[in-house]
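Asks: These protein sequence lines are chains A and B, in that order. Going by this note's numbering, the letters in the first sequence line up with residues 4 to 130, in that order. Going by this note's numbering, the letters in the second sequence line up with residues 146 to 645, in that order. Where a beta carbon is used, it is the ideal one built from N, C-alpha and C, also for glycine. Below is a structure I'd like to ask you about.
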Amino acid sequence: MSGGVVEHFTYIVTVFLMVAGLYIVMARGNLIKKLVGLSVFQTSVYLLYVAPGKLIGGTAPILAPQYTVYSNPLPHVLILTAIVVGVATLALGLALTVRIKETYGTIEEDEITAADNAVQDAEDAHS
Amino acid sequence: MSLAAHLPALQVVLPLLSAPLAVLLRHGGFAFVIVTAGAWAAFAAAIGLWLQVGESGTISYHIGSWAPPWGIEYRVDRLASFVLLLVSGTAAVVLPYSRASIEREIPRNLHYLYYAMFGLCLAGLLGITITGDAFNVFVFLEISSLSTYVMIALGRDRRALAASYRYLIMGTIGATFFVIGVGFLYLMTGTLNLVDMAERLRSVESSRPVLAALAFITVGISLKLALFPLHQWLPNAYTYAPSAVTAFLAATATKVSVYVLIRFWYSVFGETLIFERLPLPEILFVLSLAAMFIASFTAIFQDNLKRLFAYSSVCQTGYITLGMSFDSVNGLTAAILHLFNHGITKAAIFLLIGGMVFVLAKNNAGLPAPTFDRLAGLAKRMPLTCFGIVIAGLSLIGVPGTAGFVSKWYLILAAMEKGQFWIVGAILLNSLLAVAYVWRFVEVAYFKPAPEGSEKREAPLSMLIPAWILVIATLWFGLDTSITAGTATEAAQQLVKVGR
């Protein structure tokens, strides 16, 4: 069993980050903290891709007689794209949070929901 | 090679190029011209591809001439060509409409950014549809999603911001789930090309990582397509987004997600795994029925017309997934057909509602929501708009002679094939619920007296004509089914044959 833990170390870290990130997104009401959780969640996926592609002692796939062990470069390239996507998502999320703070005066989810409900009730009373 | 051979690349590249150009020009008018030209070019390319696929079968285009599975492949089969037609066609109609529509809904200095986002979103959606590479799907999914969040946040109401944020969180979780699934598939097969992946999966089928991949991809995409009960982001996003954005998203974004689900279920995992070894059809069946009834009931009690039809979208997505859950050629045909027919019907409705918002905004300061109390006697003031909604509403209900009837007909055929006649009853009962919510509009607009001193004033022609093009399309495709039903049947047969 202990051998399994060592062997699957990266997977354990990946899954921990994944679950922790997702938990923060769901459990926290603060919009910034939610984005932090979302980032952690996305980062865990980078590890999921990159870790299995790396062989310890492996080099880039260079066709030369002195190299025999290669790491797979493709996951790294894919994750480079995913990182860009993650950064863009985070930036957009933060920009939205700034706008929400400006218009609602708060970044707590329950207060925003309460404000929305108050407006909704006022509209219903109007009709 | 001639230009026609490069249509698959042009299909995505043209709208993709229009977006940065629109940003660089920093001018609403020029941006409008560029992005509209891009969308029309994309529509022309989609028509060209549809004809090509009809003549010579599936097109495989190698980006940069790198042969798959090493290079990225663009693959256009019957289904992809049909969805490309829907997406680019809707964009080509909605863009001319948005010129007048956003005048009252988006501050003028942001207009060029709206067009840029529209171009990006269109490129993303077309890219998802056309690509034959699993990771490429994720990248295009995020391109379209990120631009969608921005477009929703452009809505005047501050609730648009909260709706956009909520959609961003849900959408990113969905997309990340999808990419986790793709990661597992890559680990198991060592390839990202969908065709290659499908072949290699045969030998490792139903090992645990493959099942995990299936679960992650299915749940992730279900979030994006607003499958009940993962639809929570949709009503607010549709209600508070600018009208043109709502119309475009309702017709395309969720539909393209359905396409991705069909693609992965049928073309990659294969029917044997999905429908014979796992209880997926049963789960999908129950969720679809729940979507149809719960969302319809919720729709009946909405006071905001946009929100009413947003819930109706959740319900209609239920019809599409119901068709998928039957696991038959007729069921899949119904799903593909309804994807198209509901797309144009809902786009027509939201465009017409946008016209109402435009006119209401003229009378009052600010941007009033299209709530029922403001719509009393509207049929006298805006006869063309209201009549258009009634016709599109008949298509939602599924009255013969409209597009909605054709897809429901195939759905009922598929249900009867299964020998489960109570499903036919459920579909008919659900249509009655659609009658109820469409009737609410008819009652208020046609039978309530208009407020004193209100004058007849239609939306401008640049908004009415695009909306009516779609309304006429719902009638056209209800009477002449050779294009829609023909393509959908061929697509379904192609998918089912590949999967077996």
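1) With C-beta atoms as the reference, is GLY264 of chain B less than 8 Å away from SER163 of chain B?
2) Spatial neighbours of ARG304 of chain B within its chain, please: CB distance less than 7 Å, with the 5 preceding and 5 following residues excluded, ordered by chain position.
3) I'd like to check one pair, PHE485 of chain B with THR235 of chain B: are the Cβ atoms closer than 8 Å?
4) Smallest Cα separation from ILE179 of chain B: which of B:MET262, B:MET437, B:VAL401, B:TYR404?
5) Applying the criterion that 16 or more other CB atoms from any shown protein chain within 10 Å of the CB defines a buried residue, is ASN449 of chain B buried or exposed?
6) Going by DSSP, which residues form a beta bridge with THR516 of chain B?
7) At a Cβ threshold of 8 Å, is LYS57 of chain A touching chain C?
8) Does THR46 of chain A have its Cβ less than 8 Å from a Cβ in chain B?
9) List, in order along the chain, the chain B residues whose C-beta lies closer than 9 Å to that of ILE65 of chain A?
10) State the DSSP-derived secondary structure class of SER309 of chain B, mapped to helix, strand or coil.
11) Rounded to whole angstroms, what's the CA-CA distance from ARG645 of chain B to GLN639 of chain B? Just pull it up for me.
12) Where does VAL72 of chain A fall in DSSP's three states?
13) Where does ASP625 of chain B sit, in a helix, a strand or coil, going by DSSP?
14) Does DSSP classify VAL221 of chain B as helix, strand or coil?
15) I need the DSSP call for ASP119 of chain A, collapsed to helix, strand or coil.
16) So within the stretch 290-347 of chain B, which uninterrupted alpha helix (DSSP H) runs reach at least 4 residues, ignoring any that extend past its ends?
17) Let me see if you follow: with CB-CB separation under 8 Å, is GLU126 of chain A close to chain B or not?
18) Less than 8 Å separating the beta-carbons of PRO214 of chain B and THR336 of chain B?
19) Listed in chain order, which residues of the stretch 584-615 of chain B have Cβ atoms closer than 9 Å to some Cβ of chain A?
20) Shorter than 8 Å from the beta carbon of ILE86 of chain A to some beta carbon of chain B?
21) What does the alpha-carbon distance come out to for the pair THR84 of chain A and ALA279 of chain B?
22) How far does the beta strand (DSSP E) with ILE204 of chain B in it extend, from its first residue to its last?
23) Determine the direct distance from the alpha carbon of SER352 of chain B to that of SER416 of chain B, and round the result to whole angstroms.
24) Which of the three DSSP states is assigned to ASP278 of chain B in this structure?
25) Just how far apart, CA to CA, sit ALA182 of chain B and PRO605 of chain B?
26) Assuming contact is defined by CB atoms lying nearer than 8 Å, are ILE481 of chain B and ALA633 of chain B in contact in what I supplied?
27) Rounding to the nearest angstrom, what Cα-Cα distance links GLU344 of chain B and PHE283 of chain B in this structure?
28) With a CB to CB cut of under 6 Å and the five nearest residues on each side skipped, what residues in its chain are close to TYR591 of chain B?
29) Taking 8 Å as the limit between beta carbons, can you name the residues of its chain near LEU170 of chain B, skipping five residues before and five after?
30) Return the residue from the list A:THR116, A:PHE19, A:HIS11 that minimises the CA-CA distance to THR46 of chain A.
31) Report yes or no: is there a C-beta of chain A within less than 8 Å of the C-beta of ILE314 of chain B?
32) Taking the alpha-carbon of ILE297 of chain B as reference, which of B:VAL239, B:TYR383, B:GLY365, B:VAL474 has the nearest alpha-carbon?
33) Name, please, each residue of chain B whose Cβ falls closer than 8 Å to the Cβ of TYR2 of chain A.
34) Based on Cα-Cα distance, which residue from A:PRO55, A:SER74, A:GLU111, A:VAL88 lies nearest to GLY61 of chain A?
35) Checking contacts by CB at 8 Å: is ALA30 of chain A closer than that to chain B?
36) For GLY108 of chain A, would you say it is in contact with chain B, using Cβ-to-Cβ distances shorter than 8 Å as the test?
Replies: Taking the structure as given:
1) Numbered from its first residue, the second sequence carries residue 264 of chain B at position 119. Numbered from its first residue, the second sequence carries residue 163 of chain B at position 18. Result yes, Cβ atoms of GLY264 of chain B and SER163 of chain B sit closer than 8 Å.
2) As a working note, residue 304 of chain B is residue 159 in the second sequence. Closer than 7 Å at the Cβ level, and outside the excluded window around ARG304 of chain B, lie ASN381, TYR385.
3) In the second sequence, counting from the first residue as 1, residue 235 of chain B sits at position 90. In the second sequence, counting from the first residue as 1, residue 485 of chain B sits at position 340. Not closer than 8 Å, so no.
4) The sequence position of residue 179 of chain B within the second sequence is 34, counting from 1. If we check each option's Cα against that of ILE179 of chain B, B:MET262 comes out closest.
5) As a first step, residue 449 of chain B must be located in the second sequence, where it is residue number 304. With 16 or more other Cβ atoms within 10 Å, it is buried.
6) To locate residue 516 of chain B, count along the second sequence from 1; it is residue 371. Paired residues: B:ASN449.
7) You won't find chain C in this structure, because its protein chains are A and B.
8) On the first sequence, position 43 is the one that residue 46 of chain A refers to. Not one chain B Cβ lies under 8 Å of THR46 of chain A.
9) Stepping through the first sequence from its first residue, residue 65 of chain A is reached at position 62. Result: empty, since nearest Cβ-Cβ is about 18 Å, beyond 9 Å.
10) Here the question's residue 309 of chain B lines up with position 164 in the second sequence. Three-state DSSP puts SER309 of chain B in a helix.
11) Along the second sequence, one-based indexing puts residue 645 of chain B at 500. Along the second sequence, one-based indexing puts residue 639 of chain B at 494. The predicted model places ARG645 of chain B with a pLDDT of 49, which falls under 50 and marks its position as unreliable, so this point remains unresolved.
12) Here the question's residue 72 of chain A lines up with position 69 in the first sequence. Note: VAL72 of chain A maps to coil in three-state DSSP.
13) For the purposes of this step, residue 625 of chain B is taken as the residue at position 480 of the second sequence. The answer is coil: DSSP assigns ASP625 of chain B none of H, G, I, E or B.
14) Looking up residue 221 of chain B in the second sequence gives position 76. Three-state DSSP puts VAL221 of chain B in a strand.
15) Within the first sequence, the letter at position 116 stands for residue 119 of chain A. ASP119 of chain A falls in the helix class under three-state DSSP.
16) 304-334
17) Taking the first sequence and counting its residues from 1, one reaches residue 126 of chain A at position 123. Chain B contact via Cβ: present.
18) Within the second sequence, numbered from 1, the residue matching residue 214 of chain B stands at position 69. Within the second sequence, numbered from 1, the residue matching residue 336 of chain B stands at position 191. Yes, the Cβ-Cβ distance between PRO214 of chain B and THR336 of chain B is below 8 Å.
19) none
20) Within the first sequence, the letter at position 83 stands for residue 86 of chain A. Output row for ILE86 of chain A: interface = no.
21) Looking up residue 84 of chain A in the first sequence gives position 81. Looking up residue 279 of chain B in the second sequence gives position 134. Straight-line Cα distance between these residues: approximately 13 Å.
22) Along the second sequence, one-based indexing puts residue 204 of chain B at 59. Residues 204-207.
23) Position 271 of the second sequence, counting from 1, holds the residue named residue 416 of chain B. Position 207 of the second sequence, counting from 1, holds the residue named residue 352 of chain B. Residue identity differs from the one stated: residue 416 of chain B is Glu in this sequence, not Ser. Those two C-alpha atoms are separated by around 16 Å.
24) For this step, residue 278 of chain B is matched to residue 133 along the second sequence. Looking at ASP278 of chain B - three-state DSSP - the assignment turns out to be strand.
25) Here residue 182 of chain B refers to the residue found at position 37 of the second sequence. Here residue 605 of chain B refers to the residue found at position 460 of the second sequence. Roughly 22 Å between the two C-alpha positions.
26) Translated into the one-based positions of the second sequence, residue 481 of chain B becomes position 336. Translated into the one-based positions of the second sequence, residue 633 of chain B becomes position 488. Going by C-beta atoms, ILE481 of chain B is nearer than 8 Å to ALA633 of chain B.
27) Residue mapping note: residue 344 of chain B aligns to position 199 of the second sequence, counting from 1. Residue mapping note: residue 283 of chain B aligns to position 138 of the second sequence, counting from 1. Straight-line Cα distance between these residues: approximately 21 Å.
28) The residue you call residue 591 of chain B lines up with position 446 of the second sequence. Taken in chain order, the residues that qualify are ALA524.
29) Here residue 170 of chain B is taken as the residue at index 25 of the second sequence, counted from 1. Taken in chain order, the residues that qualify are ALA176, ILE179, TYR257.
30) Stepping through the first sequence from its first residue, residue 46 of chain A is reached at position 43. Of the listed residues, the one whose Cα sits closest to THR46 of chain A is A:PHE19.
31) Locating residue 314 of chain B in the second sequence gives position 169, where the first residue counts as 1. So, interface residue.
32) As a position in the second sequence, residue 297 of chain B is number 152, starting the count at 1. Checked all of B:VAL239, B:TYR383, B:GLY365, B:VAL474; the closest Cα to ILE297 of chain B is B:TYR383.
33) Beyond the ends of chain A as shown, which are 4 and 130, falls residue 2 of chain A; an answer cannot be given.
34) Along the first sequence, read from residue 1 onward, the residue named residue 61 of chain A stands at position 58. The shortest Cα separation from GLY61 of chain A among A:PRO55, A:SER74, A:GLU111, A:VAL88 belongs to A:SER74.
35) For the purposes of this step, residue 30 of chain A is taken as the residue at position 27 of the first sequence. Not one chain B Cβ lies under 8 Å of ALA30 of chain A.
36) Counting from 1 along the first sequence, the entry for residue 108 of chain A is found at position 105. So no, GLY108 of chain A is outside the interface.
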